[in-house]
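Here the sequence shown stands for residues 1311 to 1498, where the numbers follow my numbering.
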Amino acid sequence: MDALLSTFLSVFLAEMGDRTQILAAALALRYHKNGAILAGLALATLCNSAISAAGGSVIDQWISEAPVKLFAGLAYIFAGAGMLMWRRTVDPLTNWKMPAFLTAFLGLFILEFGDKSQFIIVAQSARTPYWGMALVGGFAGIMAATIPAVLLRERLAQIVPLKPIRWISGALLLGWGFVLATQAFGIA
């Protein structure tokens, strides 16, 4: 249960104000088909979370605890730093001439592949024998952060102060990453 909750919370924080939310909202504005966008989001997120969790379970079998803790610490540090730094604009995929579901699935799958949430899921999966819980937590975290963007679209930025949330989330992830990294070296 620890892996599920910690992965959920970490990924939820990492996705707040992120490119996934922006692209999902842009696709919802373009197509006006929330169901298709949410289905594409869910499939893309499930695929990416499964790849991440499977990768983490393999790492868990090959590497001892201290290097895994260091890897987790670095994943959180880079996620936090990424939230605090400038981010590039998101391509709204207006040139893609596919149905809403396919555009959402492929666009969000590509956007999320190699993103900070994927590294957090890998790190959490590597730290526990219950990698399935990290998969579910990561999936739920991305969905919980992105569903409001699809439903609220441009109103999300008006309702929720995304910049302060990104700063707070980034600082929390950065801090947790430093704690894990120092534990890996036996400092803390």
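Where a beta carbon is used, it is the ideal one built from N, C-alpha and C, also for glycine.
Go ahead and pull the three-state DSSP assignment for residue i.
i       : result
Tyr1386 : helix
Thr1330 : helix
Ile1469 : helix
Arg1340 : helix
Glu1464 : coil
Hey, would you say residue i sits closer than 8 Å to residue j, going by beta carbons?
i       : j       : result
Ile1347 : Val1470 : no
Ser1359 : Gly1448 : yes
Met1326 : Ala1455 : yes
Pro1402 : Ala1336 : yes
Ile1387 : Phe1488 : yes
Considering just the uninterrupted stretch of the alpha helix (DSSP H) at residue i, what are its terminal residues?
i       : result
Ser1320 : Asp1312 to Glu1325
Trp1406 : Looking at the DSSP string, Trp1406 is not in any alpha helix (DSSP H), and its letter there is neither H nor E.
Asp1370 : Asn1344 to Trp1372
Ala1494 : Leu1472 to Ala1494
What does the alpha-carbon distance come out to for the pair residue i and residue j?
i       : j       : result
Leu1394 : Leu1323 : 12 Å
Ser1320 : Leu1333 : 20 Å
Leu1445 : Ala1414 : 21 Å
Leu1356 : Ala1364 : 12 Å
Asp1328 : Gly1390 : 12 Å
Gly1451 : Phe1318 : 4 Å
Trp1441 : Val1378 : 14 Å
Val1400 : Leu1484 : 24 Å
**OP:** Please list the segments of the beta strand (DSSP E) lying wholly inside the stretch 1424-1448, counting only runs of 3 or more residues, in order along the chain.
**Re:** none
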